[in-house]
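For reference, each letter of the sequence shown is one residue, going 8 to 422 in the working numbering.
From the three backbone atoms N, C-alpha and C, an ideal C-beta is built for every residue, glycine too.
From a predicted model like this one, the values you see are computed outputs, not experimental measurements.
Single-structure report; data block below.
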Amino acid sequence: MTWFARIYLGRARKKGFDLGKMPIPEPALMPLKRNGLDPVPDLGQMRATAPVNKLPMPFGVNLWLVSGYEEAKAVLSNTKAFSNDFAHLMGTGATSVQQNPGGLGFADPPVHTRLRKLLTPEFTMRRLARLTPGIKAIIDQCLDSMDEAAGPVDLVAEFALPIPSLVICELLGVPYDDREDFQRLAMSRFDLFSGADASLGAISESLEYLLGVVKRQRENPGDGLLGMIIKEHGDEIDDLELAGLADGVLTGGFETTASMLALGALVLLQDEETFKLIHDNDDAINKFVEEILRYLTVVQVAFPRFAREDIEVAGVTIGKGDVVIASLSGANRDEVLGTGLETVNPHRDPTSHLAFGYGVHRCIGAELARMELRAAYPALVRRFPKMRLAKSADELEFRKVSIVYGVDALPVLLK
Ligand code: HEM
């Protein structure tokens, strides 16, 4: 079953790693593919006929794809029946804490509960409010440097990537002088520019770097997330685990928000009316952001869940030891959420959606992501009201098979 672990872990491990070229049976890749911004039609057909569906897999692997909204919620909310711990898959018996210190995504309660409790106070609206001026300044700084460019500008490189990485610096309390290093690590971490080999180095380099930041904060705790955890709970967590937590925040908050920023900008560039709406009307942004979170669902699937026992979901029995993939992009188009879900409707009253997941692992950074998106799009369209794509949408390079959907570059003309 190691092929499936490689979907998640191999990205960093395997030379020249490319999901699309791996010998993974087509049905398992289907929820990781798109047609432009939309999930592939097969996903909708599967949801309509079998929202809890066992995929035909070789070697006796039992893999389920859950694509209905209620069905996905049922899986994601049931930590008693479903585990996030990769040890189930690797057959190592090692705990995810040893393999992945501080990582929330692969931890089960009670380890998950303890770590998440340390982070939660740093993600309340009250604590996040302190970041508002910094977020605005970061966005303005990106727009200023775009303004200076003579020709076409790549919105991914100049806007979508730097904003979340600098915001995470602010959030964690990374000192100003260290930001360039942090940004470089964050970028190479996701092999956006450097390929998979560089990414492997970047993972250990980033943990090491964060360990250094943690040690310095331990001596002189600042007002950011790391300093606050050290001040208030310093004796409950060691440096490695805290660096792991910070690394999890970087992993969770960087590529996801960057993809949303880029693809949301593409939605605006392709829809003049919505562009004008966001340009003219302050009140429109909240509904727009909620609608594109649902519509784009950049995190296409949740972390895999492993059945700890035989468990029935929507009348179907999933066997003990089976692997379950919840398709968030599939669930967010489920007609139980409303009609016309295949299109972006910026006036839609926000529906429930699973773009941030559900249950105890629901995205801890959801409010921070919303803050960034709500600030970034209006600032972008107001600064560059004549902005347009520099090449046709058909020529854009989207990720072919990916867990976080995205576009590699988004060249635009600004004036
Ligand atoms: C639009 C941007 C974002 C999207 C779409 C997104 C999506 C998600 C989703 C779907 C999950 C749950 C995965 C699962 O249950 O298997 C998740 C978890 C997580 N996210 Fe986000 N995220 C975003 C931004 C952020 C930000 C800004 C941060 C922090 C700065 C963050 C940190 C995390 C962490 C730490 C987890 C793990 C939570 C846990 O397991 O308890 N995310 N995110």
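| Item | Value |
| --- | --- |
| Buried versus exposed, by CB contacts within 10 Å (16 or more), PRO116 | exposed |
| Euclidean distance between Cα positions of LEU273 and ASP317 | 43 Å |
| Cβ neighbour criterion (16 or more within 10 Å) applied to GLU187 | exposed |
| Any non-hydrogen atom of ligand 1 closer than 7 Å to ALA314 Cβ | no |
| Exposure of TYR216, with buried meaning 16 or more beta-carbon neighbours within 10 Å | buried |
| Separation of ARG395 from ALA338, as counted between CA atoms | 32 Å |
| Secondary structure of LEU420, DSSP reduced to three states | strand |
| Cutoff 8 Å; reference MET132; Cβ partners in own chain excluding five residues on either side | GLU374 |
| Cβ neighbours of ARG381 in the same chain (closer than 8 Å, five flanking residues each side left out) | ILE292, ASN293, VAL296 |
| GLY234 burial status per 10 Å Cβ neighbour count (16 or more: buried) | buried |
| Rounded separation between ASP49 and LYS61 - CA only | 14 Å |
| Run of the alpha helix (DSSP H) containing PHE295, from where it starts to where it stops | 292-303 |
| Residue nearest to THR304 in terms of C-alpha spacing, selected from LEU44, ALA35, MET37, GLY51 | LEU44 |
| beta-carbon MET235 near ligand 1 non-hydrogen atom, thresh 7 Å | no |
| CB of VAL73 within 8 Å of CB of VAL331, strictly | yes |
| For ASP147, the nearest candidate out of ARG315, TYR384, GLY328, LYS407 (CA to CA) | TYR384 |
| Bridge partners - ARG395, DSSP secondary structure assignment | LEU420 |
| Proximity test, MET267 beta-carbon vs ligand 1 heavy atom, cut-off 7 Å | yes |
| Contact test: PHE93 Cβ vs ligand 1 heavy atom, cutoff 7 Å | no |
| Closer than 8 Å to chain B by CB, LEU252 | Looking for chain B here will not work: only one protein chain is present. |
| Reference LYS393; option with closest CA among ILE325, ILE371, ALA400, LYS283 | LYS283 |
| Cβ-Cβ distance between TYR365 and SER266 below 8 Å | no |
| Where HIS354 falls, given that 16 or more other Cβ within 10 Å makes a residue buried | exposed |
| The alpha helix (DSSP H) enclosing GLU427, as first and last residue numbers | In the structure displayed, the chain extends from 8 to 422; residue 427 sits before or after that span and is not available. |
| Neighbour-count burial assignment, VAL104, 16 or more Cβ in a 10 Å radius | Unreliable placement is indicated for VAL104, whose pLDDT of 48 sits below 50; the coordinate value is still reported in the next sentence. Flag for VAL104 reads buried. |
| ILE371 - DSSP class collapsed to helix/strand/coil | coil |
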